Amino acid sequence: MKKLILSALVAIALVACQEKEDSAQIKEAISIHQNMKAVHTELNGMLDVQYQRYEAFVEMVEESGDSSTMVALANAGNIIRGLQGELSDWDNELVEIPGHCFHEEGEAHEHDHAEEARLAKLSDQEILDIQKELDAKLKEIEVKVRSLEQK
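Counted the way this note's numbering counts, the sequence shown spans residues 94 to 244.
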């Protein structure tokens with residue numbers, strides 16, 4: 094009898110610990126989310142490099158005393174800072190996919206439990222639609238950031 098009860102408890106525990114397989118929509122949302130995180134990291138790096146170049150150039154121009162170039166540089170700095178702001182705003186809008194965590198082991202991160210609860214009530218298609226909308230916004234920012242590399 095004890096073996097039967099123990100076997101039943103083990104079986105219940107195994108069933109409870111099994112994760113349900115993600116739907117096609119969630120799998121696609123995960124793929125989009127992971128890609129967006131990688132693009133975000135790349136764009137952040139590109140903007141950091143652009144801003145470092147900008148600061149170095151400002152220093153050189155300040156030494157030369159060329160006021161017309163300084164005006165143009167101020168405009169360039171505003172563009173870079175503006176794009177950094179857009180990217181930061183986008184990052185603040187980014188939402189996780191319920192039941193999935195995309196942070197590296199030991200990486201500092203926060204969880205908004207109220208937001209997680211709200212997202213958990215959405216359908217898989219709604220979650221996918223949110224990820225697609227965020228991806229479209231990021232692609233708009235990406236075009237602007239990459240255009241800086243062309244100049």
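C-beta atoms are modelled at their ideal positions from N, C-alpha and C, and glycine is treated no differently.
Just so you know, these numbers come straight off a predicted model, no measurement behind them.
Kindly indicate the opening and closing residues of the alpha helix (DSSP H) around residue i.
{"i": "K237", "result": "D217 to Q243"}
Per DSSP, what kind of secondary structure is residue i in: helix, strand or coil?
{"i": "V141", "result": "For the sequence presented, residue 141 should be read as Asp rather than Val. Three-state result, D141: helix."}
{"i": "V151", "result": "helix"}
{"i": "L212", "result": "helix"}
{"i": "G158", "result": "coil"}
{"i": "S116", "result": "coil"}
{"i": "I172", "result": "helix"}
{"i": "H193", "result": "coil"}
{"i": "V164", "result": "helix"}
{"i": "L136", "result": "helix"}
{"i": "L187", "result": "coil"}
{"i": "C110", "result": "In this prediction, C110 scores a pLDDT of 41, lower than 50, which makes its location untrustworthy; no coordinate-derived value is stated."}
Pull up the distance between the alpha-carbon of residue i and that of residue j, whole angstroms please.
{"i": "S160", "j": "I173", "result": "20 Å"}
{"i": "Q143", "j": "I234", "result": "15 Å"}
{"i": "L170", "j": "D141", "result": "Going by the sequence as given, residue 170 is Gly instead of Leu. When rounded, the distance between both Cα atoms is 12 Å."}
{"i": "E186", "j": "L227", "result": "8 Å"}
{"i": "I175", "j": "T162", "result": "Correcting the residue identity first, residue 175 is Gly in this sequence and not Ile. Near 20 Å, if we compare the C-alpha coordinates of T162 and G175."}
{"i": "Y147", "j": "V164", "result": "13 Å"}
{"i": "Q118", "j": "Q218", "result": "6 Å"}
{"i": "S216", "j": "Q127", "result": "20 Å"}
{"i": "E209", "j": "S116", "result": "18 Å"}
{"i": "E156", "j": "K214", "result": "59 Å"}
{"i": "A149", "j": "H193", "result": "42 Å"}
{"i": "P191", "j": "G158", "result": "55 Å"}
{"i": "A131", "j": "N137", "result": "10 Å"}
{"i": "I220", "j": "E242", "result": "33 Å"}
Could you tell me which of the options sits nearest to residue i, measuring between CA atoms?
{"i": "I123", "options": "V151, L231 and E189", "result": "E189"}
{"i": "V236", "options": "A167, E135 and S116", "result": "E135"}
{"i": "Q224", "options": "K113, I125 and E114", "result": "I125"}
{"i": "M129", "options": "A213, N168, E114 and W183", "result": "W183"}
{"i": "E152", "options": "A167, M139 and G138", "result": "A167"}
{"i": "E121", "options": "Q243, D222 and S240", "result": "D222"}
{"i": "S240", "options": "K113, A131, M139 and G158", "result": "M139"}
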